[in-house]
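A.B. asks: Residue numbers (the numbering used here): 1 to 160.
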Amino acid sequence: MATELAVGHARQVSLAGVALPPRLQQADYLDVFEVTVAESDTRTPEMLAREALEQSAPPIREGIRFAHKAFLLFQLAQANSPQHVLGWRIAESTSDAVRLEADSPLMEGTLILRRANASTGQLITALHYKHRRAAAAIWRAIGPIHRTAAPYLMNKAVIR
């Protein structure tokens, strides 16, 4: 009898064994988080991204949007649009992965939420700096918040 792993427990993982698209391999900043997902969970990665970002508590949701716009200078669309997730453009959405993109004068951002296998979800964050010094300085301040918020939001989305 197969035993299903406990759902949740998001954690940052090494990039070593993660298959990445070529463009992401050239990123100035790159991280990957994994979370255990119930094999019976049929939600698409886009649905999970919407739950994690758009259906989080208003202070968290608005705080993330504020930080993305005010500090990272991302040019975000309306928060509740079918073509966007919390203002990030949906570049691609399939049953296995969603790729979100945002652009700013400082950097280009890519978020990929995907099913690595039947019981593992991954969040990949990639930043390509346009103005290396300024972008790196801002990310040094914002990055620790991202690395705390990402696993928290992943856990909340898969446990619901």
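Each residue gets a CB set at the ideal place from its N, CA and C atoms; glycine is no exception.
Fair warning: this is a prediction, and the values are worked out from it, not measured in the lab.
Does the separation of the CB atoms of Ala10 and Glu34 fall below 8 Å?
C.D. replies: The sequence position of residue 10 within the sequence shown is 10, counting from 1. The sequence position of residue 34 within the sequence shown is 34, counting from 1. Against a cut-off of 8 Å, the Cβ pair of Glu34 and Ala10 comes out as a contact.
A.B. asks: Return yes when the Cβ of Leu86 is within less than 8 Å of the Cβ of Leu53, no when it is not.
C.D. replies: The count along the sequence shown starts at 1 and reaches residue 53 at position 53. The count along the sequence shown starts at 1 and reaches residue 86 at position 86. Cβ distance < 8 Å, so Leu53 and Leu86 count as in contact.
A.B. asks: Under 8 Å by Cβ, that's how I've got Val7 and Thr36 pegged, so tell me the actual separation to the nearest angstrom.
C.D. replies: The residue labelled residue 7 in the question sits at position 7 within the sequence shown. The residue labelled residue 36 in the question sits at position 36 within the sequence shown. The pair is a contact, with the Cβ atoms about 6 Å apart (cut-off 8 Å).
A.B. asks: Pull the bridge partners of Arg89 from the DSSP assignment, please.
C.D. replies: For the purposes of this step, residue 89 is identified with residue 89 of the sequence shown, where counting begins at 1. Its beta-bridge partners are His84 and Glu101.
A.B. asks: Of the residues His146, Val158, Ile159 and Lys156, which one's Cα is nearest the Cα of Val32?
C.D. replies: For the purposes of this step, residue 32 is identified with residue 32 of the sequence shown, where counting begins at 1. With distances taken between Cα atoms, Val32 lies closest to His146.
A.B. asks: Rounded to a whole number of angstroms, what is the C-alpha to C-alpha distance between Ala144 and Ser40?
C.D. replies: Taking the sequence shown and counting its residues from 1, the one referred to as residue 144 is at position 144. Taking the sequence shown and counting its residues from 1, the one referred to as residue 40 is at position 40. The residue asked about is misnamed: residue 144 is Pro in this sequence, not Ala. Rounded to the nearest angstrom, the two C-alpha atoms are 32 Å apart.
A.B. asks: Mind checking whether His128 and Ala27 have CB atoms under 8 Å apart?
C.D. replies: If you number the sequence shown from 1, residue 128 lands on position 128. If you number the sequence shown from 1, residue 27 lands on position 27. Against a cut-off of 8 Å, the Cβ pair of Ala27 and His128 comes out as a contact.
A.B. asks: What runs of the beta strand (DSSP E), each 3 residues or longer, lie entirely inside the stretch 6-49?
C.D. replies: List check, beta strand (DSSP E) in window: 8-13 and 29-36.
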